[in-house]
Amino acid sequence: KQEVTQIPAALSVPEGENLVLNCSFTDSAIYNLQWFRQDPGKGLTSLLLIQSSQREQTSGRLNASLDKSSGRSTLYIAASQPGDSATYLCAVEGDSNYQLIWGAGTKLIIKP
Amino acid sequence: GAVVSQHPSRVICKSGTSVKIECRSLDFQATTMFWYRQFPKKSLMLMATSNEGSKATYEQGVEKDKFLINHASLTLSTLTVTSAHPEDSSFYICSAQLRGGTDTQYFGPGTRLTVL
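Below is the structure:
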């Protein structure tokens, strides 16, 4: 049974720092892995999607990597800004049932 | 932990039929449930927000007569895609917000709808 873990559960850093969020999964048989952002009281935003055959994806200040064999993904945020404060979720999609298994999220606070 | 289930996980239907998708919070009460649709290339769209016992609030551009949402209890919300067409084929995801808790949403595993 696939399990997705995100560490840390919460993170608070000063503005301008580079930071890394971690996501690990127990079953490497995945179709893809996604990173999402959730703002308080609001909906979900898809940030990056990495197919199982890919190793990384980049969008602006965000870079997500995938190491399927070790069951790990990282989301790198460069030059963090207060507007980056949100909860970041990762989810893996199984390559057989195509359902999403969600991590519990990392709550990120960027201090001005 | 808080678990949200969706049923069915996959459904294939003919054009013109209606499909009902259930979203359940298994071990907690949810005052608010959200319905999302994920498009190809994985952009996610919030379709509507439903509160138990009241009408759902639809996002702009989402047809409320096309996507019927019922939140009859604190543990169940349903999304019915009426008169489905191939362009409705998508991945539908629900989430539930814990009653009396924070703004944390707990997400379901999704339902993949294919309309032939």
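Chains A and B supply the protein sequences, listed in that same order.
Counting the first sequence from 1 gives a position; the numbering used here is that position plus 510.
Counting the second sequence from 1 gives a position; the numbering used here is that position plus 155.
Just so it is clear, CB atoms sit at the ideal spot from N, CA and C, and this is done for glycine as well.
Given the structure is predicted, the values throughout are model-derived calculations rather than measurements.
Start-to-end residues for the beta strand (DSSP E) that takes in residue i
i: B/Ala227; result: 222 to 228
i: A/Ser522; result: 520 to 524
i: B/Ala251; result: 245 to 253
i: A/Val514; result: 514 to 517
Status (buried if at least 16 other CB within 10 Å, exposed otherwise) for residue i
i: B/Leu234; result: buried
i: A/Ser583; result: buried
i: B/Asp243; result: buried
i: B/Ala211; result: buried
i: B/Arg179; result: buried
i: A/Arg547; result: buried
Selected residue, minimal CA-CA separation from residue i, among the options
i: A/Ser580; options: A/Tyr586, A/Thr597, A/Ser522, A/Cys533; result: A/Cys533
i: A/Ser563; options: A/Phe546, A/Asn542, A/Arg547; result: A/Asn542
i: A/Leu529; options: A/Gln548, A/Ala601, A/Ile517; result: A/Ile517
i: B/Glu207; options: B/Leu231, B/Ser250, B/Tyr191; result: B/Leu231
i: A/Ile619; options: A/Ser606, A/Gly604, A/Leu610, A/Tyr598; result: A/Tyr598
i: B/Leu253; options: B/Thr187, B/Lys221, B/Leu201, B/Val236; result: B/Thr187
i: A/Gly615; options: A/Gln544, A/Asp537, A/Thr536; result: A/Gln544
i: B/Val159; options: B/Arg267, B/Val270, B/Leu268, B/Tyr261; result: B/Tyr261
Residues bridged to residue i (per DSSP)
i: A/Gly553; result: A/Gly553 is not bridged to any residue.
i: B/His240; result: According to DSSP, which records beta bridges pairwise, B/His240 is partnered with nothing at all.
i: A/Asn573; result: A/Thr568, A/Tyr586
i: B/Gln161; result: B/Cys178
i: A/Gly604; result: A/Ile540
i: A/Asn532; result: A/Ile517, A/Thr584
Assumed close pair residue i, residue j - CB separation to whole angstroms, cut-off 8 Å
i: B/His240; j: B/Ser173; result: Not a contact, Cβ separation roughly 11 Å.
Any non-hydrogen atom of the ligand NAP closer than 7 Å to residue i Cβ
i: B/Tyr213; result: In the structure shown, the ligand NAP is absent, as is every other ligand, since no ligand is present at all.
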